[in-house]
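Read the structure below first, then the notes.
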């Protein structure tokens, strides 16, 4: 076909300029012919089963575009919706998290009432969660994972994915609280007590159920004592003792009574030590 077209163009255009134009037309004709061949429509079952076979064989790299092709050729078929989810899953398995998240968010937007929306939120959460390497550098990724898992639990509390989402929510909260604690400890050690207190208070307010809260209350007590704010220190220590009686950090508050010379943040007065140890007196 292209040879015949080339001969016709050669006869029709004899000047150099005309020959150049003919070459361009020939090139475009070749591209057009290729596109036509690539866009041959195939039955939806055949396309989906081919993609599924690739996925089952472990070739998720090939499966992802094959699932996308199902939707492209048959956007209104029942399998098109399933193919959207499967394409996102294949991208996720290939660690192509950005493509997976984009595909899942599009799926939720187009199919908000679909029975697989809970799975979509779960996979979005996992796609963010698995990119967390260091929470101190990946705090935003941790928050995005947390948002997805919390949305899943809020909208689909009975979903089979909610239990694992709840576990990962707790871990994500602990990670974020740990970041705040690390910054707070730095400020406390540096003598920036106001900044330290704000960080510890954020842990208590935003991540109350995390395992970082008892230490946050202990460190707040230390910071208040360093500032000479004995009543505030007493208040926090009393709350810590009541809510976390078995925590190692509450136990360390009790060490003040047994060891009044214990090193505390600079700026503390002896009368502050006496007031705090009084909390534990019978």
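Numbering (the working numbering), first residue to last: 15 to 296.
Ideal Cβ positions, reconstructed from N, Cα and C, are used throughout, including at glycine.
How long is the line joining the alpha carbons of residue i and residue j, rounded to whole angstroms?
| i | j | result |
| --- | --- | --- |
| residue 160 | residue 122 | 18 Å |
| residue 64 | residue 114 | 20 Å |
| residue 185 | residue 249 | 29 Å |
| residue 247 | residue 263 | 14 Å |
| residue 260 | residue 181 | 23 Å |
| residue 195 | residue 173 | 33 Å |
| residue 59 | residue 67 | 12 Å |
| residue 43 | residue 94 | Unreliable placement is indicated for residue 43, whose pLDDT of 46 sits below 50; the coordinate value is still reported in the next sentence. If I take the Cα positions, the gap works out to 32 Å. |
| residue 193 | residue 233 | 15 Å |
| residue 204 | residue 118 | 45 Å |
| residue 76 | residue 116 | 18 Å |
| residue 219 | residue 230 | 11 Å |
| residue 271 | residue 168 | Confidence in residue 271 is poor, its pLDDT being 42 and thus under 50, which makes the residue's placement too unreliable to answer from. |
| residue 177 | residue 235 | 35 Å |
| residue 183 | residue 154 | 14 Å |
| residue 242 | residue 212 | 17 Å |
| residue 130 | residue 100 | 11 Å |
| residue 90 | residue 83 | 13 Å |
| residue 54 | residue 126 | 31 Å |
| residue 146 | residue 217 | 20 Å |
| residue 245 | residue 120 | 54 Å |
| residue 124 | residue 269 | 59 Å |
| residue 112 | residue 265 | 46 Å |
Is the CB-CB distance between residue i and residue j below 7 Å?
| i | j | result |
| --- | --- | --- |
| residue 207 | residue 237 | yes |
| residue 78 | residue 104 | yes |
| residue 214 | residue 198 | yes |
| residue 85 | residue 96 | no |
| residue 166 | residue 135 | yes |
| residue 201 | residue 209 | yes |
| residue 239 | residue 251 | no |
| residue 132 | residue 170 | yes |
| residue 226 | residue 254 | no |
| residue 228 | residue 256 | no |
Would you grab the beta carbon distance between residue i and residue j for me? Rounded to a whole angstrom, and I think it's under 8 Å.
| i | j | result |
| --- | --- | --- |
| residue 156 | residue 189 | 5 Å |
| residue 87 | residue 56 | 7 Å |
| residue 137 | residue 102 | 6 Å |
| residue 162 | residue 142 | 6 Å |
Using CA atoms only, rank isn't needed, just tell me which of the options is closest to residue i.
| i | options | result |
| --- | --- | --- |
| residue 73 | 87, 88, 106 | 106 |
| residue 187 | 92, 170, 164 | 164 |
| residue 92 | 256, 62, 153 | 62 |
| residue 110 | 258, 217, 144 | 144 |
| residue 69 | 108, 90, 54 | 108 |
Of all Cβ atoms in chain D, is any one closer than 7 Å to the Cβ of residue i?
| i | result |
| --- | --- |
| residue 219 | Absence of chain D from the displayed structure is noted, only one protein chain being present. |
Please indicate yes or no: does the CB of residue i lie closer than 6 Å to some heavy atom of the ligand HEM?
| i | result |
| --- | --- |
| residue 210 | Looking for the ligand HEM in the displayed structure turns up nothing, as the structure carries no ligands at all. |
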